[in-house]
Each structure stands twice: as C-alpha cells, then as structure tokens.
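S.K.: Residue numbers (the numbering used here), protein chains in the order written: chain A, 264 to 930; chain B, 264 to 930.
Protein chains: 2
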Amino acid sequence: MKQKNTYKRVVIEGVTPEINAGRFPVKRIRGDMFEVEADIYADNYDELSAVLLWKKEGAGRWRETAMIPLVNDRWRAAFRLDDVGRYRYTLKAWIDPFKTWIRDLRKRLDAGQDVSIDLLIGAGIVAAAAERAKGRSAVALRKYADMLADESSEERRVKSALDERLARTMQKCCRGDNATSYENELTVAVDPPRARFSAWYEVFPRSCSPEPGRYGAFRDLEMRLPYIAEMGFDVLYLPPIHPIGRTLRKGSNNVTDSGPGEPGSPWGIGSEDGGHKAIHHRLGTFGDFRRLISEAGKYGMEIALDIAFQSSPDHPYVRDHPQWFRKRPDGSIQYAENPPKKYQDIFPFDFDTADWRALWNELRSIFEFWIGQGVTIFRVDNPHTKPFDFWEWCIGDIKKKHPGVILLSEAFTRPKIMYRLAKIGFSQSYSYFPWRILKWELTQYFEELTQAPVSEFFRPSHWTNTPDILIEFLQKGGRPAFMIRFILAATLGANYGIYGPAFETCENRPLKEGSEEYLNSEKYQIRHWDLDHPRSIRRLIGVVNRIRRENQALQNDRSLRFHGVDNEQLICYSKADETRENVILVVVNLDPKNVQAGTTQLRMDAIGLDWNESFVVHDLLTDARYPWNGERNYVELDPARMPAHIFRIIPQEPVKEQSISQKDSQL
Amino acid sequence: MKQKNTYKRVVIEGVTPEINAGRFPVKRIRGDMFEVEADIYADNYDELSAVLLWKKEGAGRWRETAMIPLVNDRWRAAFRLDDVGRYRYTLKAWIDPFKTWIRDLRKRLDAGQDVSIDLLIGAGIVAAAAERAKGRSAVALRKYADMLADESSEERRVKSALDERLARTMQKCCRGDNATSYENELTVAVDPPRARFSAWYEVFPRSCSPEPGRYGAFRDLEMRLPYIAEMGFDVLYLPPIHPIGRTLRKGSNNVTDSGPGEPGSPWGIGSEDGGHKAIHHRLGTFGDFRRLISEAGKYGMEIALDIAFQSSPDHPYVRDHPQWFRKRPDGSIQYAENPPKKYQDIFPFDFDTADWRALWNELRSIFEFWIGQGVTIFRVDNPHTKPFDFWEWCIGDIKKKHPGVILLSEAFTRPKIMYRLAKIGFSQSYSYFPWRILKWELTQYFEELTQAPVSEFFRPSHWTNTPDILIEFLQKGGRPAFMIRFILAATLGANYGIYGPAFETCENRPLKEGSEEYLNSEKYQIRHWDLDHPRSIRRLIGVVNRIRRENQALQNDRSLRFHGVDNEQLICYSKADETRENVILVVVNLDPKNVQAGTTQLRMDAIGLDWNESFVVHDLLTDARYPWNGERNYVELDPARMPAHIFRIIPQEPVKEQSISQKDSQL
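(1) Quick one: what's B/C835 bridged to in DSSP?
(2) Is A/I870 helix, strand or coil when you go by DSSP?
(3) Find out if the Cβ-Cβ distance for the pair B/M296, B/V314 is shorter than 9 Å.
(4) Of all the CB atoms in chain B, is at least one closer than 9 Å to the CB of A/N283?
(5) Given a threshold of 16 other Cβ atoms within 10 Å of its Cβ, counted over all protein chains shown, does B/N814 qualify as buried or as exposed?
(6) Less than 9 Å separating the beta-carbons of A/V851 and A/I747?
(7) Got a sec: does the ligand GDP put a non-hydrogen atom nearer than 8 Å to the Cβ of A/R589?
(8) Could you check how far apart the C-beta atoms of B/T450 and B/R326 are, in whole angstroms? I think they sit under 8 Å.
(9) I think B/K605 touches B/Y598, with their Cβ atoms under 8 Å apart; what is that distance to the nearest whole Å?
(10) Using a C-beta to C-beta distance shorter than 9 Å, which residues of chain B count as neighbours of A/Y304?
(11) What are the residues of the stretch 639 to 653 of chain B that lie near chain A, defined by any Cβ-Cβ distance shorter than 9 Å?
(12) Nearest by alpha-carbon distance to A/G805: which of A/Y490, A/H544, A/E485 and A/A458 is it?
(13) So which residues on chain B does A/P602 lean against when the C-beta distance must stay under 7 Å?
(14) Starting from the C-beta of A/I384, find all residues in its chain whose C-beta is less than 7 Å away, skip the five residues before and the five after it, and write them out in chain order.
(15) Which value, in whole angstroms, describes the spacing of the CA atoms of B/I734 and B/D336?
(16) Count the other C-beta atoms from every protein chain shown that fall within 10 angstroms of the C-beta of A/K663, then say buried if there are 16 or more, exposed otherwise.
(17) Please report the Cβ distance between B/A392 and B/L404, rounded to the nearest whole angstrom; I am assuming they are in contact, meaning their Cβ atoms lie under 8 Å.
(18) Less than 6 Å between C-beta atoms, sequence neighbours within five positions excluded: which residues of the same chain meet that for B/N830?
(19) Could you tell me whether the stretch 542 to 560 of chain A touches the stretch 472 to 490 of chain A, where touching means 3 or more Cβ pairs closer than 8 Å?
(20) Let's test the definition: count the other Cβ atoms within 10 Å of the Cβ of B/I380 and tell me whether it reaches 16, buried, or not, exposed.
(21) Put B/V466 into one of helix, strand or coil per three-state DSSP.
(22) Does the beta carbon of A/R627 come closer than 9 Å to any beta carbon on chain B?
(23) Where does B/S877 fall in DSSP's three states?
(24) Compare the C-beta of A/G387 against all C-beta atoms of chain B and say whether one is closer than 9 Å.
(25) At a Cβ threshold of 9 Å, is A/L383 touching chain B?
(26) In whole angstroms, what separates the C-alpha of B/H584 from that of B/R904?
(27) Short of 8 Å in beta carbon distance, which residues of its chain neighbour B/E779, apart from the five on each side in sequence? Order them along the chain.
(28) Give the single residue among B/A301, B/Y464 and B/I912 whose Cα lies nearest to the Cα of B/H881.
(29) Given this structure, state the Cα-to-Cα distance separating A/R509 from A/G547, to the nearest angstrom.
(30) From the DSSP output, in three-state form, read off A/P332 for me.
(31) Helix, strand or coil, according to DSSP, for B/L900 in the structure here?
(32) So the candidates are A/R843, A/L833 and A/Q714; which of them puts its Cα closest to the Cα of A/L817?
(33) Is A/V478 close to chain B, meaning its C-beta is less than 9 Å from at least one C-beta of that chain?
(34) Who are A/K604's beta bridge partners in DSSP?
(35) Is the number of C-beta pairs between the stretch 795 to 803 of chain A and the stretch 864 to 881 of chain A that are closer than 8 Å three or more?
(36) What three-state label does DSSP hand B/L425 in the structure shown?
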C-alpha cells in the first residue's frame, strides 16, 4: 500500500585517507597494506556491519573486506596493493538486525529471561534473509529459521540461535535494506617502491671528462658509473641534455656576455640543432644515451632526465610556433622576468595561447618521447610557473599508459603551491630542507611533512645542495658541515639527493659573500673535479646508503619520531619498519665546530620498548655497541671525528664484552 | 579560429568554517560578524583578487565583500548577520592582470628602467576592461587607456598609471576571464542570541504547590516566578505536561507497581484524556498555560517544553494508529527495552513503519501545535533513539517557518552521535559536563568543545544536575560541592542549566549508594521543597547570573582559554568578548573540603596583556580588588567561604587603597 521508507540510518564520515573530498588520489607504493578508517554509526543502539570496497581502476568487479570496529565508532579495514597503478575504494555500512538480535539474546539468556518470543523474532529475521539468499546459503538459512521457530525444544532452539555457522552465513548473505554507501569514491595511486625510497645523484655529464677542459660526453659518464655506484645511489639525474641556444647565451658566473668558447646553460634549451627531443651533439648520440641507461641499470641505477618547459630564442618552436609565446606591444617575444630582473635568454611558453591544445599536446609528447628512449624518471623544472591543470592533465595521461613513471617536482615556492603540485600528480617534491638548520626548524618541518594529511600526498625529496643552492652552513662549516647535512638528509628522509661531485668533495666557495650561488657554477661552465681529494666524504656516503638499503626503517617517512635531548645542538629521532622489528635511532650533532654532549629523553613507545627497558644500541657507522637503559642516556659527539650516531635498537640483548665508555668508542 | 582555454588557474580550498563539505550549516547568532577564510592561490606569480559572496537564503541577489590576503596564501572576509535564519555564502577568485602589472611597474620604476613598453601593456589591460565595463566606469577606463598609450609625455603616463582612482575603478570592473568559483555553496544558520547564551532552570510544576502534598498547577508555578527570576534564569524548562498513562505506571522510587494515589512519570505520555497535544488536567487549562508564558515573559523568561516521542500504553495513538508501533510475534506491542531491562510502560514509535509518512507528519505537528501556543524553546528527549533523517527533515521544516525556535538535544550518548544531532539542526546539546570532575578532564573536554570544528556546530549546555543525574561529587561534597559545580557550569559554558529546587537547596541523597538517581525522585512523586533553607545557594546563583549578564566575556564559548596553576585542585580559565575590552578570569577550587593555594601561570596574550604587565583583578563575587603582576600570581581559596574567584581584568589601573592580603579579603 504505502512505500517502504528508503532513508539511510547509518552515517559514514571522517574517512581517512581522503584528500580534498576524494578530488585527488592518496599515494602509496606497491606492496603496501592500505588501511582505511571511517567514523560509522547510526541512531539508537543497533549493531552495524561495514565493508571496505575496492578494485583496481578499470579492472572488473569490486572486492569486499569486512571492517572491524575500533573504539569511539571508528572502523578499519585494509587490503594489499599488489600492482602499480590506481585503485578505487569506498565504503558501505548497514544496520545489522541479526547481530543486534544475537547480542540482545545473549543478554536475556544471561539474565535467565524467557526468550521464546525473542526466538520467534530471530526466526523472522533469518527467514527474511533466506528469501534473499541463493543456493546452499538459502537452504541453510531456511532450515535455521525453522529450528528457531520450532517450539518443541527450547534448548535446541537456543543452541541453533547461537550456532557460529548461522552467524557466518547471515554475515555473508544479510545486507540491510538501506545500506549507506559512502558519498565519495576514492583513489589511491600506487607507485613503484623507488617513489618512496631513493637516493639521487645529480651530475653534469659535460663535466665528466677525465681530461680537464674537454667537453664530457655520455661515454665519460659511463666511466664514472662505478664511482657513483660505490657511493650507493640509485637515481642518476642529468640536467637538460639538449642543444643550447646561442642568442644572449650566459657566460661563466652568469655574466650576460659569453665568450666564444663558453658552453652556455643547459636550461637555455634549443638551437638550430633541435629542441627538447634532441641531444646536444657533444654529449653523444641516441645510441650512447640508451647505452648509458643500460649500463647504469647494471649498477642498479636509473637515469632521471630534466624536463624544463622553456625555450632559448633559438629554439625551433620560436620559428615554427611563434603563437606559443606571448608578444610584447613592440612585436618582440616576451622573455622571462622577475621584475626588475630580466632573463632575455629564456622565453616562457604562453599556456593561455589560443593554440593551447597544440602546445599542451607537444609538451606532453616530450615526456612520451623520452619514455620511448627508456627513461622512467623525470625531474621537472619550475612546475609552479605552469598551470596546475596542465600538469594534472599531462601527468594523468602519461601515467595511464606508464603507471610506473616517477616525476620529481622542482618547485621551491610557497607551501600550498608545492602541496598542490603533489596532489595533482608529482611523485616526489623538492623540500625546504636546505634552509632548515636549527633543531626546532628541522623538528617542526619534518613533523608537518611526515604526518597526515601532508604525508598522504606529498613525498619530500631532501637535497643537501643543488647547482643553485649552496647554503651558508656548508660554506662556513667545513667538512663536518657536509657530513652533518648529508646524514640528516639521508636519515630524516627516505628520498634525498645530492648534487655532485660538488657535494662529496666539499666544494664550499660561493659566487660572493651572502650568495647561495656557487663560484664557477657548472650551470655556466665545465668543471673538472678532484674526486680523490682527501676532503671527500664519499666513503661516509657509501656507508650511509648501505645502512639505508639494509634497514627498512629508513625506507619510509611516516614512522619518523623526534626524541628529546637536553642540548639544542643535538637532535635525536627514530624510524621503524611496519613490524617494528627494525628500529633505527639517529643522534646528530648540529654544530660542525664543537663537541656536544647531552642526555636523551627517549619516547620509548616510538622505539617499541617499555619505559624502563634495558636495550643495546648498535652504531651502524662505527659498529660500536652500547648498553642503554630507559629514556635517559648520555651521548657525546665530536664533529671532527663523526658528527652522528646511526643506532640500530636491539631489545634485551645481553651484553658482556662492553666496558669501554661511549666516548672512547666513537671513532 | 581556436577556442579560448577555459581552465581555472586559481585554487580555492581549505575554506573555514565549513562542515562536512557544506552538507551542514555552521551556527552563529544574530548580530555576529561572520568571518570566512580560505586558501587562495594560483600557479606562477600573478596577483589575485577574491570576494566573499553572500545572501540571505531565498532573498534576492548575491552581495560581495572583498577578501584580504593574510599570510601564507590565506585570505579573509567578513559580513554582519543581521537576521535570524539562513545565509548562503561562497567565494570567487581570479587572476588580476592589472594588480600584477601595477606591482611590476612599481618595481621597474624603482629600478630606474625604461617602462614605455610596459605602459603600452597596461594600456591594453585597461582598454580591455573598458570594453566590458558600463556607464561612467567605461568612459573613465577608456580615458586612462588613452593616457597610458600616449607617448608624448612619459611623466604624465606614469602618473596616470599610478592614479588611485584607476586602481579603484579596475578593482570594481575588472573580473578575470576565468574566475574560479568555490565548488561548494555553504550555509550559516543564524539563531537568536539565546541559543548561544542562556541559563536554564528545570522545574516540575506539580511540585510547585505551596501546600505540601497538593498537586501543583501552572498557577502555583506562576507564584514561583519571582523566586526563579531573582536567581537570574532566562529559560524555564518544564518536563512533559501531558496526561500520564495508567497501565503499568511506575510508583515512587521507580517501583514497578504504583499505589493508587501515585502521579506517575511525566514521560509516560498519554491517557484517555489525550496525548502530546493535551495538558494534564491537574496542571491547568490552555489558558493557564498561555498565561504562564506571558507572566514568565514579564520576568524576561521563556518557557521550554519537553518533547518526548514515546507513548504510554494508554496513549490515543496506540488505539488510533497501532501501525505506528512494532508488533511482537505474539501480537503484543513492542515495549521499550535495553536488554535485559524492560520498560513495559513505554512504547517507542516505529519510525520504519510502512505508514511512516503519516507518523512523521504527526510528530512534526506536535511542535507546530505548541509553537501555536506560544512556545519557542523545546528540550527534546532522547533524540538519538530516532533516525537522524527524521530530525533533519522535521527541524528543517519547522525552522523554515519559525527560524527563531531553539531546540535542546537531550542525547547522553556517544560523542559522534551527539555531534551529528547538532549538525542536523539541534541548537543546543546536553554535554558530558556532569562527569567531568578533575582539572585535566575539564580542560581536555572544554578545549575540544570550544575549538573548531566542534564549536562551529555544537553548542553545549552544561547541566549541574538533572532529575536523572545526581553525581557522586554532589552527593558527598556538601554545600561547597554545589557552589563549585554551579560556578564551573555557569562560567565555563555560555549555556548551562540546573534542575531545581533540588540543586539550589543542595539535595544530595541518592536512591542508593553508587546510584546517580535521586532518592524520592520527582519523576515518580510530588515533592515539597524548603526554598528558604539556610543551605540554599540561591543568592550565589543570583550573583553569578548577574555577572554573566553584565559581562559579555561570559556570553560566548569560543574565547575560553585555560591557564596554568601549579595545583591540580585549582583550575584557572579566561573568557573575553570580541573586542577584548571585557575579560573575565576565573579560578575555582575543585576540592570541596580543603583550602587550596597555588601560583598561576597566565597566558597573558589570552587576557590581552603583555607578558610582564601589571594589572588589577576585580573579584565580582566579593568586590575585592588585587594588584597582579605578569604571569605568576598567588591564589588561595577556601571552599567553606567561597570556592572561586570570578575576576574582571582591569589593565594598568592604579591601585592605592589595597594593602589587605588576598586571603583576608575573600569573604
């Protein structure tokens, strides 16, 4: 007669992870258990059931995982992300009359009440489920319904009511009429593990010649591979490898007039020899390039290319597609500016051009071109000066075909813009690490980065230096400063990078006092490096990268926890793997000039120990072991010898041989 | 030839306030300045403009308020909420080429650069705006464009470029092509001020007779009004006033068999005399009721009625609409249960009945009926046992016609359910205050309640006691315990209530040891109270309610800040009005038995002072004044005399007469 009411009694909200109401995907890597939580509740006191629904994007039907109630109406479920690509997920929950009935029946039985009418109510619930069930389940439920309704033996009725098989079958078959489906369908983007855990090494191939003054080529870089691999890097990032413009080419140390023999900046892309899809003739051929990729692969390294969407005045685009650039009222092409500064050797694209479709397609095709050559990692120059919508479309499209591609966003700009670029598709992002020097700065910044919501979409890559960034701390702190900043980058962050050989050889000369530019920057000239200089910290780099590979704790960012030390020059933090079997505790002396000592105040739960537990810390840098006890332990670090401990925590291991003091063993 | 690109470069996100992506309204009161903030940014370095759009719901066109950039890409605007009802609001932002051009022009001029081509670019921007502008603005802009393009006098061109009138006209007329409209249209529900600031007094009219044993009537309550008004309450809340069922009526102290003369529980609604739209014949007539409303109004008090959607077995609904109740398999009607407990004198409605439309309409009509009698405030009994969708529909519909109605949700249940009820429309909500006794419990709970997001939709009402809740602290702490809990409720919360005369006369006898039920509860029997007992704290109540009315600081919850005291038995907090001219600082001794002393650690910024400033605290309870200095000040409170200070902060006032110690002046 009247229609059944169809309103929903169950509320699903507060779903985590979820970015901008599902507008953007959450990031994970292949192999992760993906945990989803939500607030799920209804009016009144009925029992609920809930499931997490998930599937690989574009691949068949939804799969279900039952959610488990935690406390305070919070529910959780998880599934394994087996493939690279995108998964969809959402939730469903309903009032569960059978669960409610069983719960109440038990209470009534415990109180010794007459339950004969309650058993009839249960029979009705089970009979209704039988109507909707199929096959063997339907038969079984019908039988249970009959038993519950059979008034000849109270004992048998109760026994069948409490039968676990009945509960299981009902759980499987019984869906409330008015299940609530969560309002958003969400996405998790699954990247290859290297998106979360990588050590980058930036190098200018043209400076790789073993003979000073000769223009280095891919073949020279090939010779350099063992040196880089020995340090343990896994991504080898090359500045742009394309032909370089001649018009208004910059000379050494960024002077506006270049001499005749000067090589120009690799970011001044394009000449009569070609543009973004060509290789600078002095670097080698496409064959050489593919061979470099293949040789690097033998050392476990991937090549990352630099994608800089801008043109020199000599780029073929300027001649063939003048409509892709903005015109000034005098008819000239608008060069790059940061008023009052002018960069007349660089033409930015006009993403708003009437011919934008052709421009956008052409830019996307540059990625496709290099992917065709075997490149799977890109470092993207200044993405924040191009529209967000361009990147979202471009990256989305590329990843549909090549879900394993990794893109690093080089956007040193305001935080919300950096976060947005991560949300719209960049796999990794340069961070403010270079300018976080003091303990409170490091602590505050890394806590923001490694906790939700930021950690759900933003994967920071921490660089000790870049061709543009030589921080004052490195200029003035000597070799210990390089060791300190390296250990911080490599242990605070699962992703980090250095620009070498400038870094490992401790190059510290700025263009001028107060500048972060390098003197004789490789951006404008070819350099020859003394790789075997005694100042080099390449052995330390090799040890730390080995420790990173051998300890899963250092392969994620989310487990980072800071611990107290009663000295502002000492910073202490830990990381752990998912199982907490591998726990690493790092103490760094931030002062490159002086010995610093202090007492820790460990957060014992963060390192998987009881507040008063005894344990051993094994320094993976020096192989020394120390017996520690509870939260408070003495540490002392001499930057001239080794400015850090990288401890592995060993719970409860008995220590016999140790009588040396912590101080004595720090070599 | 080709179409203009229509993608949006500006992002608007992180809008506050916003509840569940705009699914629910934010709450404010009439007269509030309504502040809206958002993260607004774009790629690249262009200047942006943004506006807040708002209008009264269903009333004409959108109005605009320019947003002001704060720091870190956060923007803000505000408008005044002049009326009770609903307002809609949303945001719009766009790239502002003129602002960008002016900013860059100033930099170029400062650097002494040639700007002749830049002025031509500006002329183009202004000319384009002139095309789209109308009337005088269009004429003015065209003139400016001509001046900017006129190369005869550089000086005049620059002067007109920097003309403030040009900037203002451009601001008014110039909208970027691709303005971003925020994706959600949001709502703010504006209530009368009493929704945020109210002091409730619950009283059983049938216990108001001056003669012991006689059934009190509305006329008796009328005689009681001066007594209640003297205490300073502004809402007088009556338990249900309807005919009471006879079948299975509960007797004194909740025994299941009532004697013949027993009055029954007012929540056992409905008899042959009528149901939810009838008045119990011993209380009086509808005329008496309306007269009560009118008399209370003369004292500045409103009457709040209790709406309890349930029926006694004798309710006319049971006879006329048996389909509104659930049947048991034996054909009987399902009574209320909390297994194994059974409440056979109460029938809940079946909100899922096939006849739900008729039921829901009838229940809504109960509100309409009493609104017709002049009631504007309702206390709703156990709303969490009815579907959320019912309340959202019912309250939404009522408020469309009667936007000034206030509804208090009596849902003592899990926090997320309580919050949901607030989101779907309840104006106020009972809180867990009765069970927050210790300093850390009070601090943690009130910080959650008074900060966003909870404070945006949930208005707690803090009750010292109810007919169901006599907490152990009151049972055992003597008169000082009543003073302490009263001062906490009335100063921590802008909304609070007491159930009297049980409270002010310090009734502390529980039904039995370990129970929170009252002995001889008024729920089941008529009581006669000795209002003039020397134990009564009604004078203190009167003083505190006067302080609340005279100090705007106490009329909001959002300004609540806790301050340190080095004694766990002393709690210290402050509140301030919007302008911070009125700042109240409260210190309460939570120990009803012992004198407690300690030193404050004030958060000086929260009370509008510099960290080392001298000031005077004026105790509004005792009229004493003390010179204080900076964060640390000595306090000592004797619960036997007065367990609290309610200080008004008086910055920098010179104090001469004071030489008495703080301790001596506490009478």
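Built from N, CA and C at the ideal position, the CB exists for glycine as well.
M.R.: Judging by the given coordinates:
(1) In the DSSP output, where bridge partners are listed per residue, B/C835 has B/H826 and B/V850.
(2) DSSP, read as helix, strand or coil, puts A/I870 in helix.
(3) No, the Cβ-Cβ distance between B/M296 and B/V314 is not below 9 Å.
(4) Yes - at least one Cβ of chain B is within 9 Å of the one on A/N283.
(5) Around the Cβ of B/N814, a 10 Å sphere holds 16 or more other Cβ atoms; the residue is buried.
(6) Yes.
(7) Among the components modelled here there is no ligand, and therefore nothing to report on the ligand GDP.
(8) Contact doesn't hold; Cβ gap of about 16 Å is too wide.
(9) The beta-carbon separation of B/K605 and B/Y598, rounded to 6 Å, stays under the 8 Å limit for a contact.
(10) Under the 9 Å cutoff, chain B gives R677, K679, I680 and R683.
(11) Within the stretch 639 to 653 of chain B, those residues whose Cβ lies closer than 9 Å to any Cβ of chain A are, in chain order, P646, H647, T648, K649, P650, F651, D652 and F653.
(12) It is A/Y490.
(13) Residues of chain B whose Cβ lies closer than 7 Å to the Cβ of A/P602 are, in chain order, D367, K370 and R371.
(14) The beta carbon of A/I384 is closer than 7 Å to those of W364 in its chain, skipping five residues each way along the sequence.
(15) The alpha-carbon atoms of B/I734 and B/D336 are separated by roughly 49 Å.
(16) With fewer than 16 other Cβ atoms within 10 Å, it is exposed.
(17) Contact check for B/A392 and B/L404: beta-carbon distance about 5 Å, within the 8 Å limit, so the pair qualifies.
(18) Once the five neighbours on either side are set aside, the close Cβ partners of B/N830 are Q859 and G861.
(19) The stretch 542 to 560 of chain A is in contact with the stretch 472 to 490 of chain A.
(20) With fewer than 16 Cβ atoms within 10 Å of its Cβ, B/I380 is classed as exposed.
(21) DSSP places B/V466 in coil when its eight states are reduced to three.
(22) With 9 Å as the cut-off, A/R627 does not count as an interface residue toward chain B.
(23) In this structure, B/S877 counts as strand in the three-state DSSP scheme.
(24) Yes, A/G387 lies at the interface with chain B (some Cβ there is under 9 Å from its Cβ).
(25) Chain B has a Cβ within less than 9 Å of the Cβ of A/L383.
(26) In this structure, the alpha-carbon of B/H584 lies about 58 Å from that of B/R904.
(27) So the list reads D731, I732, L733, I734, E735 and P773, once near-sequence residues are dropped.
(28) Each of B/A301, B/Y464 and B/I912 was checked against the Cα of B/H881, and the nearest Cα belongs to B/I912.
(29) Taking the straight line joining both Cα atoms gives about 19 Å.
(30) Reduced to three states, the DSSP call for A/P332 is strand.
(31) Strand.
(32) Considering only alpha carbons, the answer is A/R843.
(33) Residue identity check: residue 478 of chain A is Tyr in the sequence provided, not Val. Not closer than 9 Å to any Cβ of chain B, the Cβ of A/Y478 fails to qualify, so no.
(34) BP columns for A/K604 point to A/N601.
(35) The stretch 795 to 803 of chain A is not in contact with the stretch 864 to 881 of chain A.
(36) Look at B/L425 here: in three-state DSSP terms it is coil, with no helix or strand label.
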